[in-house]
Amino acid sequence: MGYMCWSSEIAYSGGMARFAADVPTRGGFSFDLCQRNEMLLKKGNQLPTFRKTGTTIVGLVFEDGVILGADTRATEGPIVADKNCEKIHYMAPNIYCCGAGTAADTEAVTDMVSSQLQLHRYATGRESRVVTALTLLKSHLFSYQGHVSAALVLGGVDITGPHLHTVYPHGSTDTLPFATMGSGSLAAMAIFESKFREGLTRDEGIKLVSEAICSGIFNDLGSGSNVDVCVITRGQTEYLRNHQLPNPRTYVSSRGYNFLKGHTGKTGEPYIPPNPRR
Amino acid sequence: MLGSGRTSFHTRIRLIGLRAWASYPRDQHVVLGTPVCLRKGFHSSYITVPPRLDLDPKAILVLAAMDLDLSAPHSLGTTIIGVTYDGGVVLGADSRTSTGMYVANRASDKITQLTDNVYICRSGSAADSQVISDYVRYFLHQHTIQLGQPSTVKVAANLVRLLSYQNKNMLQMGIIVGGWDKYEGGQIYSVPLGGTILKQPFAIGGSGSSYLYGFFDQAWKEGMSKDEAEKLVVKAVSLAIARDGASGGVVRTVIINADGMTRNFYSGDSLPLWHEELEPHNSLLDILSSSSPEPMST
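The listed protein sequences correspond, in order, to chains D and B. FYI, in UniProt numbering the residues of the first sequence are 1 to 278. FYI, in UniProt numbering the residues of the second sequence are 1 to 298.
Encoded structure:
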């Protein structure tokens with residue numbers, strides 16, 4: 001209510017610190033910070049960059065189907081924005097897609113194609129095919145001429161067999177028995193090139209994928225945290241979220257933190273609850 | 001910067017060059033002088049100056065040296081070849097797809113099918129060439145249904161040419177169309193950057209083709225047999241692979257004639273060795289990753 005806001009302004013207008021985030025009195029957008037941002041830019045501060053997934057994503061074809069793997073670190077420039085994000089996206093019950101590049105782009109494009117695939121399933125009455133997802137992705141990415149920065153590893157098993165494809169931001173695709181993408185792709189590809197062979201068993205395949213992702217996690221600064229694995233076979237998909245946690249959080253003391261009463265200072269000012277109407 | 005008063009040859013050229021450059025749409029990539037600098041993979045933004053008919057060739061070269069961004073990544077790419085022989089055509093290509101200095105796919109298939117009797121070799125931007133080949137396959141399929149018989153190679157090549165020419169501002173790819181039809185037999189059509197169409201007895205394209213012009217001048221002859229033609233193509237691609245960093249991997253060939261089409265595959269170690277190339281040794285990896293442990297023999 002306007003009355004509540006007014007009273008807070010009266011109380012604090014005497015040059016003292018105001019609330020850090022003042023809500024506008026009449027609703028709508030507040031452009032108060034634009035001048036401040038300009039001033040900061042002039043000073044040399046940079047705007048925060050797009051959140052990229054700076055990633056290691058891999059896929060391989062084994063004897064019964066396809067195994068996809070990904071790390072779980074999302075970065076915003078040099079900062080780790082999310083220590084446990086999900087990079088293996090659902091496309092169809094039998095098709096999953098790992099995404100590298102700008103996080104928003106990979107999320108949006110995989111969600112969009114996943115919805116299109118579902119509508120297509122309703123229209124045709126059949127299980128989705130991997131090449132359908134591939135064509136939808138590549139035509140969308142090509143029409144945006146590379147500005148949708150999504151590099152994907154698409155894998156799945158359909159009526160025609162197991163398929164693994166890589167999709168690049170400009171819309172080109174490759175079909176491969178094993179593939180890696182992202183900033184950690186070179187480290188992971190080194191593992192694949194030395195240890196991959198046709199006809200791996202499920203356990204061997206999972207082990208190889210985890211090894212490749214760990215190689216990316218430890219040797220690439222843009223990848224880190226945990227290993228996610230997804231095993232797709234005819235009729236069954238297993239999403240092994242956090243299959244390996246090679247970077248546990250360590251504490252100085254094994255008891256963790258203990259916040260005793262009296263450690264947090266009090267200013268003695270009254271608590272004014274936020275206005276529900278605004 | 002430009003108005004120094006002294007209208008020397010070079011200053012005058014620069015003025016004209018910059019005006020010319022500014023008046024063309026930025027994304028019209030026309031590389032001066034050299035034929036096709038083609039690559040697969042991500043785009044590089046190099047600023048090029050469109051050739052003008054009123055400037056003499058020497059001036060253009062001077063312009064090139066001053067205004068072109070010579071440090072931009074130049075030709076990243078491919079070696080593609082199409083050769084006619086007595087009774088059909090042989091198409092050949094290497095298998096390397098590179099993004100910058102990294103080999104994205106070392107076993108790619110650059111020879112794509114359009115119809116049962118027409119195949120194309122793709123070079124340049126991977127995305128552009130894949131999309132165009134999909135469109136042309138679709139149009140050719142419709143055309144075949146309407147025509148009631150297999151389409152001719154000329155029609156396929158002209159469809160590629162129309163798409164390539166009408167979208168020249170946005171596309172960066174070089175295509176070699178090859179096939180067999182009952183009217184003209186085996187034919188090769190080259191559709192390089194810009195959308196020209198050229199019917200030739202043999203065609204080469206891609207970054208590795210620079211090293212093959214002299215070789216073909218000497219080694220090509222009319223009326224070869226199928227095996228001779230295929231051997232020529234494999235030899236040529238392997239020579240280009242030896243000298244061009246952007247070509248590598250395996251050699252794939254497709255032979256198209258009245259009887260249909262045949263695909264062949266030549267792995268890297270089956271190719272002949274050229275000057276200063278060494279014999280491949282057994283990789284330690286093969287010994288290490290074999291299931292039963294063996295004593296090391298070397």
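From the three backbone atoms N, C-alpha and C, an ideal C-beta is built for every residue, glycine too.
- Neighbours of Gln130 of chain B in chain D, taken as residues whose beta carbon is under 9 angstroms from its own, are Lys138, Phe142, Gly171, Ser172 and Thr173 in chain order.
- For the set D:Lys266, D:Gly262, D:Tyr271 and D:Ser210, the Cα lying nearest the Cα of His243 of chain D is the one of D:Ser210.
- Leu163 of chain B and Tyr183 of chain B have their alpha carbons spaced roughly 24 angstroms apart.
- Nearest C-alpha to Gly186 of chain B among B:Pro272, B:Thr79, B:Ile176 and B:Asp86: B:Asp86.
- Residue contact with chain D for Ala127 of chain B: present (Cβ-Cβ distance below 7 angstroms to some residue of chain D).
- Within the DSSP secondary-structure output, Pro162 of chain D pairs in a beta bridge with D:Val157.
- Taken through DSSP and simplified to helix, strand or coil, Arg197 of chain D comes out as coil.
- In the DSSP assignment, Met112 of chain D falls within the unbroken alpha helix (DSSP H) covering Ala103 to Thr124.
- Distance between Leu152 of chain D and Asp128 of chain B, taken at the CA atoms: about 18 angstroms.
- Judged by beta-carbon spacing, Val250 of chain B lies beyond the 7 angstroms limit of Val83 of chain B, meaning their Cβ atoms are not closer than that value.
- Sequence-distant partners of His89 of chain D (beyond 5 residues in either direction) whose C-beta falls short of 8 angstroms from its own C-beta, in its chain, are Tyr96, Cys97, Cys98, Gly99, Thr106, Glu107, Thr110, Asp111 and Ser114.
- For the segment 77-99 of chain B, the residues whose beta carbon sits under 9 angstroms from a beta carbon of chain D are, in order, Thr97 and Thr99.
- The C-alpha of Thr56 of chain D lies about 15 angstroms from the C-alpha of Arg241 of chain D.
- Non-local beta-carbon contacts of Ser108 of chain B in its own chain, meaning distances under 6 angstroms to residues more than five positions away in sequence, involve Ser95 and Thr97 in chain order.
- Taking 8 angstroms as the upper bound for CB-CB distance, Ser125 of chain B and Gly206 of chain B are not in contact here, some 12 angstroms apart.
- Put simply, the CB of Asn282 of chain B is far from chain D, with every gap to its CB atoms at 7 angstroms or more.
- Leaving aside the five residues that flank Phe202 of chain B on each side, the residues in its chain whose CB is nearer than 8 angstroms to its CB run, in chain order, Ile81, Gly82, Val83, Thr84, Ile188, Phe216 and Trp220.
- Restricting attention to D:Ala81, D:Asp203 and D:Val157, the CA atom closest to the CA of Ser225 of chain D is found in D:Ala81.
- Under DSSP, the beta-bridge partners assigned to Tyr85 of chain B are B:Gly88.
- When DSSP reads this structure, Ser129 of chain B sits in no beta bridge, so it has no partner.
- Against Leu186 of chain D, the close residues of chain B are Tyr102, in the order they occur along the chain (beta-carbon pairs closer than 8 angstroms).
- Cβ-Cβ separation between Leu164 of chain D and Gly171 of chain D: approximately 18 angstroms, too far for a contact (criterion under 8 angstroms).
- Across the set D:Asn84, D:Thr201, D:Ile213 and D:Leu176, the C-alpha of D:Ile213 shows the shortest separation from the C-alpha of Ile191 of chain D.
- From the listed residues D:Leu117, D:Asn219, D:Asn94 and D:Leu68, the smallest Cα separation to Glu86 of chain D is found for D:Leu68.
- The CB of Ser108 of chain B comes closer than 8 angstroms to the CB of Asp174 in chain D, given here in chain order.
- Counting only the Cα atoms, Lys110 of chain B lies some 60 angstroms from Tyr257 of chain D.
- For the pair Pro246 of chain D and Thr135 of chain D, the Cα-to-Cα distance works out to about 36 angstroms.
- Around Val118 of chain B, the same chain offers Val153, Ala156 and Gly179 as residues with beta carbons nearer than 6 angstroms, after the five sequence neighbours per side are excluded.
- Nearest C-alpha to Gln236 of chain D among D:Leu221, D:Gly265, D:Ser183 and D:Asp158: D:Asp158.
- Counting along the chain, Glu230 of chain B sits inside the alpha helix (DSSP H) bounded by residues Lys226 to Arg243.
- By the beta-carbon neighbour count (other beta carbons within 10 angstroms, threshold 16), Ala74 of chain D is buried.
- With 16 or more neighbouring CB atoms inside 10 Å of its own CB, Thr173 of chain D falls in the buried class.
- In the three-state DSSP reduction, Val148 of chain D falls in the coil class, being neither helix nor strand.
- In the DSSP assignment, His243 of chain D falls within the beta strand (DSSP E) that extends over Gln236 to Gln244.
- Secondary structure note for Leu159 of chain B: its alpha helix (DSSP H) is the uninterrupted segment Val153 to Gln166.
- Rounded to the nearest whole angstrom, the CA to CA distance from Asp228 of chain D to Asn84 of chain D is 10 angstroms.
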